[in-house]
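There are 2 protein chains.
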Amino acid sequence: MFQSVKLNKISENITEQIREAIFHGKLKPGDRLPIEKELMGKFEVSKGTIREALRSLEVLGFVDIRKGASGGTFVTEVDMNRVRDYFTNYLLFQNLSLTNLSEVRLILEPYIAEKAARLIKREDLKKLEEIVEQSEDTLNKGTSNKIEFHEFHRILGNISGNPILIFIVDFIEGLLIDTKNRLGAGNDFSIKVLNAHKRIYKALSKRDARGARIEMAKHVREVERNLVAIQKERRVGHYSRSVFGHF
Amino acid sequence: MFQSVKLNKISENITEQIREAIFHGKLKPGDRLPIEKELMGKFEVSKGTIREALRSLEVLGFVDIRKGASGGTFVTEVDMNRVRDYFTNYLLFQNLSLTNLSEVRLILEPYIAEKAARLIKREDLKKLEEIVEQSEDTLNKGTSNKIEFHEFHRILGNISGNPILIFIVDFIEGLLIDTKNRLGAGNDFSIKVLNAHKRIYKALSKRDARGARIEMAKHVREVERNLVAIQKERRVGHYSRSVFGHF
DNA sequence: CTATATTTGTACGTATGTATG
DNA sequence: CCATACATACGTACAAATATA
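The structure is reproduced here in structure tokens:
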């Protein structure tokens, strides 16, 4: 299955081999790789080298490493969340503004809403209804978990059936979640979002494409307006200082 | 709400600290990190741990590790290309179709063209003109380097001034380049693209926002139509895992 | 060509977390 | 609840490869 090789960086080579095996379906999600000791034998390298390779695969999100009995290295479901998170943080530290974010949302989200209104199925509507109800519950309980708000948009993206669109929406919503967390938007804001989602849901349930598009556009603009206001009010603090000051 | 980050792994913790230092600008591109031995002292961990951390940062594209005398670990210019490639790989891994690609282009590109028509400056026009001329030259010489076509779209994206939009356009054009290469679109196709770009350029040079938008929309549709036709001819199916079918 | 600094790789140990009987 | 086996996590010491000056 694997070949023992000697090239530039051995650990990199091993990373590649395993990555390719995953891409080719030779290793499927859920599969467990051999334990370190066995890999040492198969690749004919030492433990440190194996560990560097596995760690690399881990940060790239290809495998999940668990320790303890019945632990080991497991091939994960392919998702780019891990890598994406590393860079969304970076983008937030760049000269990325709320306006930039909203501009892109305003291009995509109304389109997605309109398309969803045409393609939406009963089970999609049910899922959206559940999400809205859940949002309302957590909001009343004061536990205000804003993740549900973004789940609403993700579901709409999924209805589009376009993998690229789904990916971009995920990406954008991820950026927005980070932004909201930093700003610490309050309950009054959440209520507005909830009501907007209700209006969009209503339009979708009636298969009203135009209505869905218009409500979504209003919603995106409202979110921008409110977040910008919060941003002006509060001084946007930066993250705490790194322990890395002694360089 | 906030991820209770329990980093049970020391190496991960170190990766995180250095990453934050880079994001905060404490470590700038070109900076060299201390050598492994010193890092062992500063973080009070062993060499293996340090190396796992540095290797992680390397695969994420944050640092470049060079060996030999006056080698070491250097902070790299943060380029989104690295991440973009991972995203691209991920999407090609899905059953992505030409229609999916064109749908997203049709949402974004006309918008970008319209916005560009309003914001465009003399030097931007000059750059576009050069690109168009270059395309024509290489086309006449038969060397037909299609990269210039995509550069045209990238320049337009840059005029928007929105980092996210720029990122997405780069990403989409990257996917398209891959598609074209796979299909092997011929010269007749390239001529159509060139003419479309000329029409868009003309609209832009007149600051005709509506014209730019319309021409761009026509262009995107034409590209889709032609590529789909080629795809049918050659019976090249959707993307599949065979994309990675070269060991 | 010869030092030298630095990463790369090896070998073998202990510590820690986790499932299981 | 406890003991035990398993697998990763981490540590130490040393040898090799390699790029630079």
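For the protein sequence lines, the chains are R and U, in the order given.
Everything in the first sequence is counted per the working numbering, starting at 69 for the first residue and increasing by one.
Everything in the second sequence is counted per the working numbering, starting at 69 for the first residue and increasing by one.
In this text, a Cβ means the ideal position worked out from N, Cα and C, and glycines have one as well.
Model, not experiment: these values are computed from the prediction.
Item, Value
"Using a beta-carbon distance below 8 Å, is I86(R) in contact with chain U?", "no"
"Less than 8 Å between CB atoms is the rule here; does V311(R) satisfy it with respect to chain U?", "For V311(R), the pLDDT reaches just 34, beneath the cut-off of 50, and the residue's location in the model is therefore unreliable, although a value from the coordinates is still provided. Yes, because at least one Cβ of chain U sits closer than 8 Å to the Cβ of V311(R)."
"Residues in the region 245 to 262 of chain U with C-beta within 7 Å of chain R's C-beta atoms, listed in sequence order?", "none"
"With the cut-off set at 8 Å, would you say A334(U) and E182(U) are in Cβ contact?", "Here chain U covers residues 69 to 315 and nothing more, so residue 334(U) does not appear."
"From what residue to what residue does the beta strand (DSSP E) around V113(U) run?", "Note, V113(U): premise wrong, no beta strand (DSSP E); not H, not E."
"Any beta carbon from chain U within less than 8 Å of G116(R)'s own beta carbon?", "yes"
"Taking the alpha-carbon positions, what's the R293(U) to L176(U) distance?", "18 Å"
"Which stretch, first to last residue, makes up the beta strand (DSSP E) that contains T141(U)?", "G140 to V143"
"Short check: CB of V131(U) to CB of F142(U), under 8 Å?", "yes"
"Taking any Cβ of chain R, which residues in the region 92 to 103 of chain U have a Cβ under 9 Å from it, in chain order?", "H92, G93, K94, L95, D99, L101 and P102"
"May I have the straight-line CA-CA distance separating D192(R) from I227(R), to the nearest angstrom?", "8 Å"
"Can you tell me where the alpha helix (DSSP H) holding I180(R) begins and where it ends?", "L166 to L187"
"By alpha-carbon positions, which one of A264(R), R250(R), R119(R) and L224(R) ends up nearest to R302(R)?", "R250(R)"
"Take Y154(R) as the anchor and find which of G129(R), T167(R) and P231(R) has the nearest alpha-carbon.", "G129(R)"
"Name the one or two DSSP bridge partners that I86(U) has.", "I86(U) pairs with nothing; no bridge assigned."
"Could you check whether the Cβ of R119(R) sits closer than 8 Å to any Cβ belonging to chain U?", "yes"
"Below 8 Å on the Cβ atoms is my guess for H287(U) versus I259(U); work out the distance and round it to an integer in Å.", "H287(U) to I259(U), Cβ: 13 Å. No contact."
"Are three or more beta carbon pairs between the region 83 to 91 of chain U and the region 84 to 96 of chain R nearer than 8 Å?", "no"
"To the nearest angstrom, how far is the alpha carbon of K189(R) from that of M284(U)?", "33 Å"
"Can L295(R) and A253(R) be called in contact, C-beta distance under 8 Å?", "yes"
"With C-beta atoms as the reference, is H218(R) less than 8 Å away from I180(R)?", "no"
"Quick one: does S170(U) have its CB under 8 Å from some CB of chain R?", "no"
"How many angstroms separate the CA atom of E198(U) from the CA atom of R222(U)?", "14 Å"
"Quick check: what's the CA-CA separation for K248(R) versus P102(R)?", "42 Å"
"Buried or exposed: where does K96(R) fall if 16 or more other Cβ atoms within 10 Å of its Cβ makes it buried?", "exposed"
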